[in-house]
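Colleague:
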């Protein structure tokens, strides 16, 4: 039996070496070479070419090489086998770092001081709001959202969360579903999007949602941080809200098209911070290790962990 | 009896109104007007003109309007009465925000992405170190240093502290005194200075100290964050270490001369972040409230809190 690596945009040979070192007794094959399709029991994929995983009669499981699995459900010829995603504790920590960094940068107006510095402008501001008077709203209360919420609370922010279905979290104000959205947005000065991309969430950060954010906060207007998925956002609506003044700023790590095309006005908009989809990247060694452990669990007859629910899409 | 407000650079009338509202039965006078020197029982000062507090025969206490008191000891005609500084919990929170913001910004290379953005450069970096592999060293383990250490630990950093005299803190590696300095610096990738300015600490961030920082860390070289006092640092030595490559970057909120003079090379050095001494500013209302409470305590026969030890200078 063998492990098939199916990816685009990444260096497959590096991944083959990592997996082969961790699974010395299992042949590791790649899409770009001849291989015995009947021998493939496992697939590790990152954005494989749609259809390339069909015709694997003995496939037992598909592993996403990242936390996202939306690219898998976009393949209508995906074999009907269990799908597991990577749950990397380091990745959760990295995401919290990104969210706390940018919430603090917004709170402390760091971009303003960055603009002042080359002008040799010593203009302090004696009336910065306290973190406790700034309301952060996290959309998505999975592992990533909950840890970010916890760390933002330690830093003093007034944090609430929204999730698709009702969720009770000790010490966190929570809102749920379509019926809870308006109240959630109305108390949000910094909206942090950490949702998975599904048919329900695609394009949900649109003009209507942005218009619902708090206009009575201490930051001069609401901010958006999207460190989830680019498909969640409608970029023309974000630009429209920024230019209309209903949105004060945006920190975007993900985009409708990645890499962000040079013609996108987001690159040079003065109120937008662009990072190259690196809010939370796992070390390749850690990912290969986590998937190898899963394969060893299956080989030992133990159940697969972190299985995705196809009906929810995450 | 009256309260004398003695300050330079601040709007004394705003402060008079704040104090008068809080102490309606006590005359509040200022240096710029005639007043009865025998009636002055209390002084609230921020950088008063040296000598201006002599000849106050009934003075009972001097309050610094900030956390720093070094300007008081620089006045050799200061009356020998108890001096209290402001210990504002909000100020401690603000300082932690600043320290965590800039440690995260260094960890996540935010300045690099800031430079890339106007160039429309989508260059991610798959090998950012984890916070746990980055060693932060905090010089000064008073209220500010201890809270910053605690929050940096929550964010995952590997934190240690140095203080003048030995201090045992649960969960924190501590070093003390001149004999502990070399080992402290040798394990420090990000040095955070939160020391008071005294005769012992003046100019201590010099070429020799900077040369002792870790050169084997994960950040490409060590970083300095000074959010304490400008007098702690020798700016020509910081610039020398940056240009020699022994220091990778510096985040400075305080300077030898403030406002930072336009001719300082720090303003435009590519590896330096300048902020205008606003890492931790109290709300004026909060400061006036804390000092008014102290005056009420004294009037009620209770002991003064947060008294400065003149022999230590803080």
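Residue numbers (my numbering), protein chains in the order written: chain A, 205 to 518; chain B, 205 to 518. Ideal placement from N, C-alpha and C gives every residue a C-beta, glycine not left out.
#1: Let me confirm a value: residue 208 of chain A is counted as buried when at least 16 other C-beta atoms fall within 10 Å, else exposed. Which label applies?
#2: Is it buried or exposed for residue 322 of chain B, if we count other Cβ within 10 angstroms and need 16 for buried?
#3: So, for residue 441 of chain B: in the same chain, excluding its five sequence neighbours on each side, which residues have a beta-carbon less than 6 Å away from its beta-carbon?
#4: Please go through the same chain and pick out, in chain order, the residues whose beta-carbon is closer than 6 Å to the beta-carbon of residue 433 of chain A, but skip the five residues on each side of it.
#5: When you compare the CB positions of residue 341 of chain B and residue 396 of chain B, do they come within less than 9 Å of one another, or not?
#6: Helix, strand or coil for residue 245 of chain B, going by three-state DSSP, please let me know.
#7: Establish whether the CB of residue 345 of chain B and some CB of chain A are separated by less than 9 Å.
#8: Can you find at least 3 beta carbon pairs, one from the stretch 418-431 of chain B and one from the stretch 280-296 of chain B, that sit closer than 8 Å?
#9: To the nearest angstrom, report how far apart residue 231 of chain B and residue 497 of chain B are at their CA atoms.
#10: Which residues in chain A have a C-beta closer than 7 Å to the C-beta of residue 469 of chain B? List them in chain order.
#11: Using only the alpha-carbon positions, how far apart do residue 226 of chain A and residue 234 of chain A sit?
#12: Near residue 291 of chain A, what residues of its chain come up, given a Cβ to Cβ distance below 7 Å and the 5 sequence neighbours on each side ignored?
#13: What do you get for residue 437 of chain A, buried or exposed, if any count of 16 or more other CB atoms within 10 angstroms of its CB means buried?
#14: Using a C-beta to C-beta distance shorter than 7 Å, which residues of chain A count as neighbours of residue 249 of chain B?
#15: Which residues of chain A have a Cβ atom closer than 7 Å to the Cβ of residue 489 of chain B, listed in chain order?
#16: What residues in the stretch 318-338 of chain A bring their beta carbon closer than 7 Å to a beta carbon of chain C?
#17: Counting pairs of Cβ atoms below 8 Å between the stretch 361-372 of chain A and the stretch 482-495 of chain A, do you hit three or more?
#18: Does the stretch 235-247 of chain B come close enough to the stretch 464-482 of chain B that 3 or more CB-CB pairs lie under 8 Å?
#19: Quick check on the DSSP output: the beta strand (DSSP E) that includes residue 424 of chain B runs from which residue to which?
#20: Give a yes or no on whether the minimum CB-CB distance between residue 299 of chain A and chain B is below 9 Å.
#21: For a minimum of 3 consecutive residues, which ranges assigned as the beta strand (DSSP E) are wholly contained in the stretch 313-380 of chain A?
#22: Taking its Cβ as the centre, do 16 or more other Cβ atoms sit within 10 Å of residue 229 of chain A, making it buried, or is it exposed?
#23: With a threshold of 16 other CB atoms inside 10 Å of the CB of residue 426 of chain B, please say whether the residue is buried or exposed.
#24: Between residue 314 of chain B and chain A, is the shortest Cβ-Cβ distance under 9 Å, so that the two count as touching?
#25: Just by C-beta distance, which residues in the stretch 355-366 of chain A are closer than 7 Å to chain B?
#26: Please list, in chain order, the chain B residues whose beta carbon lies closer than 7 Å to that of residue 478 of chain A.
#27: At a CB distance below 7 Å, what residues from the stretch 276-304 of chain A approach chain B? Give them in sequence order.
#28: Note the first and the last residue of the continuous beta strand (DSSP E) segment covering residue 210 of chain B.
#29: For the alpha helix (DSSP H) containing residue 496 of chain A, list its first residue and its last residue.
#30: Assuming residue 309 of chain A is part of the alpha helix (DSSP H), what are its boundary residues?
#31: With a threshold of 16 other CB atoms inside 10 Å of the CB of residue 448 of chain B, please say whether the residue is buried or exposed.
#32: In this structure, does DSSP put residue 290 of chain B in helix, strand or coil?
#33: Can you give me the start and stop residues for the alpha helix (DSSP H) that residue 277 of chain A sits inside?
#34: Give the residues of chain B in contact with residue 374 of chain A, contact being defined as C-beta atoms less than 9 Å apart.
#35: Can you list, in chain order, the residues of its chain with a C-beta nearer than 6 Å to that of residue 301 of chain A? Leave out the 5 residues immediately preceding and following it.
#36: Strictly by DSSP, which residues pair up with residue 535 of chain B?
Modeller: Quick look at the numbers:
#1: buried
#2: exposed
#3: 410, 411
#4: 401, 458
#5: yes
#6: strand
#7: no
#8: no
#9: 16 Å
#10: Neighbours of residue 469 of chain B on chain A: none; closest Cβ ~11 Å, over 7 Å.
#11: 16 Å
#12: 347, 510
#13: buried
#14: Here the premise fails: no neighbours, minimum Cβ distance about 18 Å.
#15: The premise fails here: residue 489 of chain B is roughly 11 Å from chain A at the closest Cβ pair, so nothing lies under 7 Å.
#16: Absent from the structure: chain C. Protein chains present are A and B.
#17: no
#18: no
#19: Per DSSP, residue 424 of chain B belongs to no beta strand (DSSP E) and is neither H nor E.
#20: no
#21: 339-343, 362-367, 377-380
#22: exposed
#23: buried
#24: yes
#25: 355, 358, 359, 360
#26: 321
#27: 294, 297, 301, 302, 304
#28: 206-211
#29: 488-503
#30: 293-311
#31: exposed
#32: coil
#33: 274-277
#34: What residue 374 of chain A touches in chain B: nothing, since even the nearest Cβ is about 17 Å away.
#35: none
#36: Here chain B covers residues 205 to 518 and nothing more, so residue 535 of chain B does not appear.
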